[in-house]
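Each remark here refers to the structure printed beneath this line.
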Amino acid sequence: METILGIDLGTTNSEVAVIRDGQVEVLGEDGEKILPSVVGLDPEGRMLVGTPARNQWVLAPDRTLRSIKRKMGQDVTVRLGDQTFSPQEISAVILRALKERAERQLGHAVRKAVITVPAFFNETQREATREAGELAGLEVVRIINEPTAASLTYEAHPDRLERLLVYDLGGGTFDVSIVQIERDVVEVLASHGDTHLGGDDFDQLLLDRVCDDFAKEHGIDLRQSLAAKSRVLRAVEEAKKRLSDDALTTLDEEFIAEKDGKPLHLRREIARDELEALIEPLLAKTLVCVDQSLSDAQLHARQIDKVILVGGASRTPLVRRLLEERLGQPVHAEVNPDLCVAMGAAIQGGLISGVDVGPVLVDITPHTLGIEAATLVEGVPAFHVFSPIIRRNTPLPASRSEIYGTMVDGQESAGIRVFQGEDHDTRKNQFVGEFLLEGLADVRAGNPIVVRFDLDLDGILKVTAKERATGLEKQLVIDNPVARFRKSNREAASQRLDAAFRAAGMAGAPGLPAPAVEPESAADDLPEHLKNLIRRCEGLIAKAQEVAPKATPDDAEEIHRQVQELLAAIAERSDAKIDKGMATLEDLVFYLQDA
Ligand code: ADP
Ligand code: MG
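Under our numbering, think of the first position of the sequence shown as 149, with each following residue one higher.
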């Protein structure tokens with residue numbers, strides 16, 4: 149079967165994918181799957197494509213071209229050094245780099261490709277894209293729309309008609325499309341966007357903020373020096389990306405400028421809040437386009453089966469939050485938003501050449517993981533608030549952090565209680581572990597604590613809490629919280645209970661479910677006070693087992709019930725419930741012993 153490449157020829161970045169053994173695979177090189185859509189000439193006049201070209205863009209704008217896609221289909225030429233090229237020729241340089249990458253990775257020549265274009269591209273622009281492919285030595289077997297390609301990674305052949313809203317925020321362009329898909333027939337019902345809005349604008353806003361502050365402090369505008377500007381721009385883009393995962397990040401650029409013969413460093417923290425305040429007005433514009441596309445397609449938000457995120461900048465958490473608010477349904481980003489257009493193009497290639505294409509497989513977390521927090525709801529403190537850190541359906545491995553504040557002045561320790569589940573109330577979620585960060589600085593309430601979750605492919609969760617001001621840190625590793633509470637412990641628990649109740653002459657008490665967790669085996673990484681409590685519980689349960697055989701069937705049944713309750717409280721690690729359960733069981737045992 150002849151290989152057909154799937155190519156996302158993007159304004160900012162491009163990627164290439166293929167179907168191998170029924171699975172879609174993005175072809176990377178040196179660990180990098182993304183090729184910046186930048187072409188340049190180095191000082192010796194040699195052609196540069198991708199990262200090296202991108203790196204010289206600010207420094208050598210006359211020898212570097214980016215965003216050539218905006219000019220596709222126009223009757224213009226562009227200058228590169230002292231030569232001129234058509235937009236198709238520059239695009240062909242990028243396509244050829246992708247083709248050669250694919251050939252190196254596959255170990256054989258490739259001739260055919262499916263290339264994606266924005267839904268709004270007209271015939272001339274599509275024709276120019278086809279031409280670029282041919283100049284690169286590729287037979288373009290089909291040109292497909294980017295939102296169509298993205299949809300294919302989620303729904304290659306649905307049995308019923310499905311409608312997807314595809315929100316694509318790239319480096320310099322934004323598109324939203326409503327796509328209808330039924331078996332292999334895909335149709336774009338509506339499409340809107342802004343051809344000059346994307347992640348690069350976020351970088352610019354952050355660059356200006358950082359440079360303005362630096363100028364205020366040192367009287368030097370870093371934007372005046374190309375070398376300094378280039379470094380700051382790269383640093384803020386990286387910082388922006390980190391802020392998609394972390395609540396706080398640091399810029400650290402040494403020797404960025406000089407004053408009175410002394411070097412100056414650029415060093416500052418940026419919080420996610422600060423970035424969000426800067427970009428929110430831009431994201432508000434994208435929501436207007438979302439509304440327009442829905443009204444063009446004559447659909448309500450609730451008639452959309454799935455909302456999917458595409459484009460690198462859609463990883464911004466505020467995008468997800470605003471969209472979920474506006475559309476009233478969860479949004480999906482399980483398939484890598486940077487890569488899914490290329491993947492969809494490869495799937496389309498597979499469908500054309502008749503190879504079997506399996507569904508796109510991604511490892512995701514099936515539950516939301518977070519911690520218990522207290523907040524003020526209309527001035528009244530609310531406890532047991534579940535604060536998500538890694539949301540369900542996040543691809544693994546995943547690392548995320550959030551910032552919390554202490555509740556009271558002089559607070560000496562912070563309890564980190566980890567839960568998984570989807571409820572706003574931690575009491576309705578599954579408890580997975582806890583620890584105490586002790587020895588906090590003696591400061592006012594609101595002392596920032598950064599809580600970080602690292603979840604790996606095996607489901608091992610590392611929870612780190614760090615006092616921001618001092619760096620004081622403590623960690624807990626939870627070995628596969630999901631499996632632990634699902635399988636092994638359930639079985640262990642029910643066996644243990646069976647044994648306990650057989651000993652107590654109560655085996656076969658019908659209809660009583662085993663508690664979710666067996667107390668002992670899960671107790672290894674518990675805080676000391678809980679371990680003590682559980683030890684006391686076990687003593688009490690043993691005592692209950694002694695008295696049960698002598699009790700009336702009704703009382704024995706009641707003991708069984710109370711033991712169950714207590715085990716459930718232990719499973720939840722709820723001090724309050726354990727206390728209450730113990731008191732009740734204690735009373736009962738006391739009463740029966742005397743009876
Ligand atoms: P295009 O479709 O325009 O070629 P991409 O989809 O590759 O572009 O998106 C590139 C943009 O996504 C850049 O502005 C980049 O900084 C941004 N981006 C990439 N990763 C992240 C991230 N983790 N968080 C926020 N923005 C990101
Ligand atoms: Mg794109």
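The beta-carbon is built from N, C-alpha and C at its ideal position, and this holds for glycine as well. Quick caveat, the model's predicted, so the values are computed rather than measured.
Any idea what DSSP makes of residue i, helix, strand or coil?
{"i": "Arg214", "result": "strand"}
{"i": "His480", "result": "strand"}
{"i": "Lys454", "result": "strand"}
{"i": "Arg469", "result": "helix"}
{"i": "Ser162", "result": "strand"}
{"i": "Ile182", "result": "coil"}
{"i": "Val737", "result": "helix"}
{"i": "Gln496", "result": "helix"}
{"i": "Val134", "result": "Here the chain covers residues 149 to 743 and nothing more, so residue 134 does not appear."}
{"i": "Gln446", "result": "coil"}
{"i": "Ala671", "result": "Caution applies to Ala671, whose pLDDT of 41 falls short of 50 and renders its modelled position unreliable; the model cannot decide the point."}
{"i": "Pro200", "result": "helix"}
{"i": "Glu406", "result": "strand"}
{"i": "Thr523", "result": "strand"}
{"i": "Leu509", "result": "coil"}
{"i": "Leu412", "result": "strand"}
For residue i and residue j, I'd like the C-alpha separation in whole angstroms.
{"i": "Gln559", "j": "Val611", "result": "21 Å"}
{"i": "Ala521", "j": "Phe531", "result": "7 Å"}
{"i": "Ser669", "j": "Ala692", "result": "Summary for Ser669: the model assigns pLDDT 37, below 50, so the residue's position carries little reliability; its value from the coordinates is reported in the next sentence. The alpha-carbon atoms of Ser669 and Ala692 are separated by roughly 21 Å."}
{"i": "Pro507", "j": "Val556", "result": "51 Å"}
{"i": "Gln222", "j": "Glu428", "result": "33 Å"}
{"i": "Lys260", "j": "Val288", "result": "6 Å"}
{"i": "Val187", "j": "Leu509", "result": "33 Å"}
{"i": "Arg572", "j": "Leu442", "result": "It should be pointed out that residue 572 corresponds to His in this sequence rather than to Arg. Each residue's alpha carbon lies about 30 Å from the other."}
{"i": "Lys635", "j": "His515", "result": "For Lys635, the predicted model reports a pLDDT of 38, less than 50, meaning its position is unreliable; a value from the coordinates is still stated below. About 16 Å."}
{"i": "Val695", "j": "Thr397", "result": "60 Å"}
{"i": "His256", "j": "Arg244", "result": "15 Å"}
{"i": "Val503", "j": "Ser392", "result": "37 Å"}
{"i": "Leu254", "j": "His677", "result": "58 Å"}
{"i": "Phe268", "j": "Ser339", "result": "7 Å"}
{"i": "Leu733", "j": "Arg683", "result": "15 Å"}
{"i": "Leu499", "j": "Ser325", "result": "22 Å"}
{"i": "Leu309", "j": "Ile167", "result": "25 Å"}
{"i": "Val467", "j": "Phe350", "result": "13 Å"}
{"i": "Gln328", "j": "Thr151", "result": "27 Å"}
{"i": "Leu620", "j": "Asp590", "result": "13 Å"}
{"i": "Ala208", "j": "Leu435", "result": "36 Å"}
{"i": "Tyr552", "j": "Leu471", "result": "24 Å"}
{"i": "Glu237", "j": "Gly158", "result": "15 Å"}
{"i": "Gln231", "j": "Ser239", "result": "16 Å"}
{"i": "Gly409", "j": "Leu353", "result": "30 Å"}
Taking 7 Å as the cut-off, is the CB of residue i close to at least one heavy atom of the ligand GDP?
{"i": "Asp348", "result": "Absent from the structure shown: the ligand GDP. Ligands present: the ligand ADP and the ligand MG."}
Can you check whether the CB of residue j is closer than 8 Å to the CB of residue i?
{"i": "Val625", "j": "Ile608", "result": "yes"}
{"i": "Val206", "j": "Lys377", "result": "yes"}
{"i": "Leu283", "j": "Val164", "result": "no"}
{"i": "Phe601", "j": "Leu517", "result": "yes"}
{"i": "Ile512", "j": "Val505", "result": "no"}
{"i": "Gly459", "j": "Pro478", "result": "no"}
{"i": "Val455", "j": "Leu475", "result": "yes"}
{"i": "Gly193", "j": "Gly154", "result": "no"}
{"i": "Ile707", "j": "Ala717", "result": "no"}
{"i": "Ala493", "j": "Ile292", "result": "yes"}
{"i": "Ser462", "j": "Tyr302", "result": "no"}
{"i": "Ile140", "j": "Arg379", "result": "The chain is shown only over 149 to 743; residue 140 falls outside these bounds and no answer can be derived."}
{"i": "Phe567", "j": "Ile537", "result": "no"}
{"i": "Gly341", "j": "Phe322", "result": "yes"}
Check the DSSP bridge columns for residue i and list the partner residues they point to.
{"i": "Asp602", "result": "Ser547, Lys610"}
{"i": "Thr398", "result": "Glu417"}
{"i": "Asn680", "result": "The partner list for Asn680 (beta bridge, DSSP) is empty, contrary to what the question assumes."}
{"i": "Met195", "result": "Leu189"}
{"i": "Gly581", "result": "Val566"}
{"i": "Gly518", "result": "Pro536, Phe567"}
{"i": "Gly154", "result": "Ala165, Val262"}
{"i": "Asn293", "result": "Val265"}
{"i": "Val625", "result": "Lys610"}
{"i": "Pro596", "result": "Gly553"}
{"i": "Val288", "result": "Ala261"}
Of all Cβ atoms in chain C, is any one closer than 8 Å to the Cβ of residue i?
{"i": "His305", "result": "Reference to chain C is not applicable here, since this structure consists of a single protein chain."}
Fill in: Complete runs of the beta strand (DSSP E) confined to the region 529–574 [at least 3 residues]
546–553, 561–568
Item to complete: List in chain order: all unbroken beta strand (DSSP E) runs of 3+ residues lying wholly within the region 300–350.
Response: 310–317, 322–330, 333–342
Item to complete: List in chain order: all unbroken alpha helix (DSSP H) runs of 4+ residues lying wholly within the region 356–393.
Response: 374–390
Worksheet item: Which runs of the alpha helix (DSSP H) fall wholly inside the region 208–274 and span at least 4 residues, in chain order?
Response: 235–254
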